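Scroll down for the structure; my scribbles are underneath it.
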Amino acid sequence: MSKRRKFLKQSALYTTATIMGARVVFAENLPKGMKYIGLSEDIPGKHPDMIVLNDRPINMETPAHLLNDALTPNDRFFVRNNGLPPSKVDPATWQLEISGESAKQTKNYSLEDLKTKFEQVSYQITLECGGNGRKEYNPPAKGNQWGTGAVGCAKWTGVRLRDVLQDVGVKSNAVYIGYYGADIHLSGDPNKDPISRGVPISKAMEAESMIAWAMNDEDIPLLNGYPLRLVFGGYPASCSGKWLEKIVIRDKVHDGQKMTGSSYRVPCHPVAPGAKVPDENMCIIEEMPVKSLITYPMTGATIKLSQRLPIQGHAWTSADQIKRVEYSIDFGSSWKACQISSATNRFAWQQFKAEIIFPERGYYEVWARATDSDGRTQPMILPGWNPKGYLNNACHRIAIKVS
Ligand SMILES: Nc1nc2c(c(=O)[nH]1)N[C@H]1C(S)=C(S)[C@@H](COP(=O)(O)O)O[C@H]1N2
Ligand SMILES: [Mo]
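Residue 194 in numbering that gives the first Met the number 0 sits at position 195 of the sequence shown, and the numbers go up by one each step.
Structural data, given as structure tokens:
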């Protein structure tokens, strides 16, 4: 971060917060964790039915039935902020610095440089927060109590990260890349990063690993990282740095904010629920597990016995593709196949659908279960408990009444 940027950040703080349509004049004075009583659940640019878990920093998830589109519209894409988004972004002067001990040189790129010097690519890539589904864990884990909606799939446009890294020059001892964004630590301290994570160099070099400036053919919304972000499919979305202003090529595992300790880590070996796990026994989450979501109908729907119930949803994986999605209406005793679409590219979620006939009137649950090309499948109940409540890929369930 340059001295000038640091100064801008320090003076800007969170003064752009608006409540009831007006700027919060003494925003800096509100004690941390306290909520504005005038805050409506509506966050500008986002769908009014998004579920707001937190407003400082903003964290919001998408109800399953709002995720029915093959590509998640920008106003329905979940938001997971660790700090406060930059209050002023000027795309004309935005710079991305690439440096680090395993970079052959330090180089800066403007948005214009990125758009004109490299091949432009678009991929449909699913982003899922590592903590999606956390609220089901027992004993509960601290942190945002995500239900099912910290996931979305958008069409991202930008350049391949590897093309830019290669333009700078990558030393043969490179191990990891780390990112720094322009967001501000909740304390307002410009010397602290809200988050600075990264991926192994092999992941950074994959064809689908991107530096993106567009989401569904529009500018990326401010809350999702405008004007520039990293996008890595198949890894926890925490790797996909927003408001991207610096990438470091490291000769060791990146040790930025939330890379160390227990953040975004799970026990290297399974533990009993509630166990205390020392930091040295916690391993960094890399590939995310296979998962699916029923996006139609909404849970609680009623149908007549004479009707067939159409169901729809998506399935995603860090493996090459989804091979199979099945549904059950008898609490997992038997499963029937759904139809699935093929993936546009690796890491795009795939659509599934089926038409269900129910044997008699009553209460049912529809459960969905996906299996990927590596043969991994979803557990029907919660997978391994872990202290921070990550990686819950249990089958999604919806309630149906047949009358
Ligand atoms: N600079 C920056 N990048 C970030 C974050 C952040 O707080 N700051 N949050 C991370 C986390 S934990 C997640 S899950 C994703 C969320 O991306 P989204 O808000 O666009 O859905 O962004 C990641 N990138
Ligand atoms: Mo996340």
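Glycine is no exception: its CB is placed at the ideal position from the N, C-alpha and C atoms.
As the structure is a computational prediction, the values presented were derived from the model and not from experiment.
For I194, the distance from the CB to the nearest heavy atom of ligand 1 is below 7 Å. Between I355 and I310, the CB-CB gap stays under 8 Å.
In this structure, DSSP gives V167 a helical state, which the three-state scheme calls helix. With a minimum length of 4 residues, the unbroken runs of alpha helix (DSSP H) contained wholly in the region 126-179 fall at 160-167. A direct Cα-to-Cα measurement between Q338 and M379 gives close to 20 Å.
Residue selection by CB proximity (closer than 7 Å to any heavy atom of ligand 2) returns R79, C128, G129, G130, A149, P235, A236 and S237 in chain order. A residue is called buried when at least 16 other Cβ atoms come within 10 angstroms of its Cβ; R22 does not meet this threshold and is exposed. G232 sits close to F346, with the two beta carbons spaced by under 8 Å. DSSP, read as helix, strand or coil, puts S186 in coil. Take R161, set aside five residues on each side of it, and the residues of its chain with a beta-carbon closer than 6 Å to its own are M204, in chain order. DSSP, reduced to helix, strand and coil, places K202 within a helical segment of the structure shown. In this structure V158 is in contact with V120, their Cβ atoms being roughly 7 Å apart against a cut-off of 8 Å. The Cβ neighbour count for N81, taken over all protein chains shown within 10 Å, is at least 16; the residue is labelled buried. Beta-bridge pairing by DSSP links R264 to I283. For Y234, DSSP records no beta bridge to any residue. Secondary structure at H46: coil, using DSSP grouped into helix, strand and coil. In this structure, I248 lies away from V163, with their beta-carbon atoms at least 8 Å apart. For L95, the shortest separation between its Cβ and any heavy atom of ligand 1 does not lie below 7 Å.
Short of 7 Å from the beta carbon of G273, and not among the five residues preceding or following it, lie these beta carbons of its own chain, in chain order: P138. In the displayed model, D278 falls within a helix according to three-state DSSP.
At least one heavy atom of ligand 1 lies closer than 7 Å to the C-beta of K241. Bounds of the alpha helix (DSSP H) holding T115 are L110 to K116.
A distance below 8 Å between beta-carbons, with the five flanking residues on each side excluded, links L222 to the following residues of its chain, in chain order: I42, G44, K45, I57, V78, N80 and P84. Sorting M33, N143 and T61 by C-alpha distance to the C-alpha of M297 places T61 at the top. Less than 8 Å separates the beta-carbon of V324 from that of S291. Taking 7 Å as the cut-off, one finds no heavy atom of ligand 1 near enough to the beta carbon of L65. Contact annotation: G312 and T301 have beta-carbon atoms that are not nearer than 8 Å. Here R375 has V289 as same chain residues with Cβ atoms under 6 Å from its own Cβ, once five neighbours each way along the sequence are excluded. Ranked by Cα distance from K116, the first of A102, W145 and D166 is D166. The Cβ atoms of A149 and E127 lie closer than 8 Å to each other.
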